[in-house]
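Engineer:
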Amino acid sequence: MSTISACKAALTALETTRGKIPQNLVSSLSDESMSPADERQLLDRRQEALRAHLSNMRAALRIVRKKQQSFLTFVTSSSNSEVDNEAYIDYMQQSKIEDATVAAEALIHTLHTDLEEDVLKHFAW
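Counting in the numbering used here, the sequence shown runs without a single skipped number right up to 148 at its last residue.
(1) Using a 10 Å radius around the Cβ and a threshold of 16 neighbouring Cβ atoms, would you call Asp122 buried or exposed?
(2) In the DSSP assignment, the alpha helix (DSSP H) including Val49 goes from what residue to what residue?
(3) Among Phe97, Ala110, Val98, Arg69, which has the Cα closest to the Cα of Thr136?
(4) Note the first and the last residue of the continuous alpha helix (DSSP H) segment covering Met115.
(5) Out of Leu84, Gln64, Ser93, state which residue places its alpha-carbon closest to the alpha-carbon of His145.
(6) Would you tell me roughly how many angstroms separate the C-alpha atoms of Val49 and Val106, rounded to the nearest one?
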């Protein structure tokens with residue numbers, strides 16, 4: 024069933040996107056030994072990276088949801104809905120798509136919060 028393949032591909036892409044985010048972006052910036060100019064430059068680069076990763080995660084999550092909705096629409100309009108519904112339920116259980124979307128949403132929230140903190144630091148100078 025091509026809808027299952029599309030969902031799996033979207034979920035894999037989401038996990039790949041999530042795996043590309045460096046751990047140092049998921050924590051606050053704090054290096055007391057840097058000069059203000061160096062810290063400002065690092066902050067600018069960090070904000071750029073946070074924005075890029077946020078955009079990528081949001082796009083990947085949007086695609087996962089779109090593919091999941093397409094699959095659900097296919098199942099509800101299917102002529103063999105009982106079999107397709109079972110396939111949908113099996114896919115949802117095996118793929119742990121809910122866990123993946125919750126984890127992605129939490130990461131997006133963390134990245135967004137970090138970005139807001141960094142922007143506030145930038146304006147504090």
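Quick reminder that beta carbons are idealized off the backbone N, C-alpha and C, glycines included. Note that this is a predicted model, so its numbers are computed, not measured.
Structural biologist: Quick answer:
(1) exposed
(2) No alpha helix (DSSP H) holds Val49; DSSP gives it neither H nor E.
(3) Arg69
(4) 104 to 118
(5) Gln64
(6) 42 Å
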